[in-house]
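Each remark here refers to the structure printed beneath this line.
Numbering (our numbering), first residue to last: 6 to 160.
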């Protein structure tokens, strides 16, 4: 009888201790950032000691807390982007593209006329000069039977 009482007392102490640690690790995911470093270290040590024993006696909250501390999104594993970040990036990219398009249009609108070297007469003169210099005699403008337009690109 005495031995049964000691076992019952020991079981009550273990249950009380287990409940005390469960209270401290409930909803650890939401509370982790608000805990002080000392409290975080205490919980980590407490869970390390609990994990050294049989895992079957660990509560679900303790297992969840141990997993979160080992693999959760805190510290160096915290994601860089927050929800809604993709929309900000999309808006920024769209704004930069619109600004660059407007700048391109303004430059083209206020730009000078085409250079004097981009007209049909200049391009024909370039072709004649290259033929007189025997430029690219194998497959180019100076080759026998060449049927291309040469350097004439304007219409």
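For every residue, glycine included, the Cβ atom is placed at its ideal position computed from N, Cα and C.
Quantities reported herein were computed from a predicted structural model and do not represent experimental measurements.
Item, Value
"Against chain D, with Cβ distances strictly below 7 Å, would residue 138 count as a contact?", "No chain D is part of this structure, which consists of one protein chain only."
"Looking at the structure shown, is residue 149 part of a helix, part of a strand, or coil, going by DSSP?", "coil"
"Rounded to whole angstroms, what is the Cα-Cα separation between residue 3 and residue 43?", "Residue 3 lies beyond the stretch modelled for the chain, which goes from 6 to 160, so this question has no answer here."
"So residue 54 is in the alpha helix (DSSP H); what residue range does that whole segment cover?", "42-57"
"Quick one: is residue 48 buried, meaning 16 or more other Cβ sit within 10 Å of its Cβ, or exposed?", "buried"
"Once DSSP output is grouped into helix, strand and coil, what is the label at residue 82?", "helix"
"What are the start and end residues of the alpha helix (DSSP H) that includes residue 33?", "33-36"
"Would the region 31-43 and the region 74-91 be scored as touching if the rule is three or more Cβ pairs under 8 Å?", "yes"
"When we look at the beta-carbon of residue 91 and count the other beta-carbons within 10 Å, is it buried (16 or more) or exposed?", "exposed"
"Taking the alpha carbon of residue 69 as the point to measure from, which residue in 52, 121, 57 has its own alpha carbon closest?", "52"
"List the whole-angstrom C-beta distance separating residue 147 from residue 128, where the pair is believed to meet the contact cut-off of C-beta under 8 Å.", "No, residue 147 and residue 128 are not in contact; Cβ-Cβ is about 16 Å, not under 8 Å."
"Taking all protein chains shown into account, do 16 or more other C-beta atoms lie within 10 angstroms of the C-beta of residue 55, making it buried, or fewer, making it exposed?", "buried"
"Could you give the C-beta distance for residue 150 and residue 132, rounded to a whole number, given that I count them as a contact under 8 Å?", "With 8 Å as the limit, residue 150 and residue 132 do not qualify as a contact, their Cβ atoms being about 16 Å apart."
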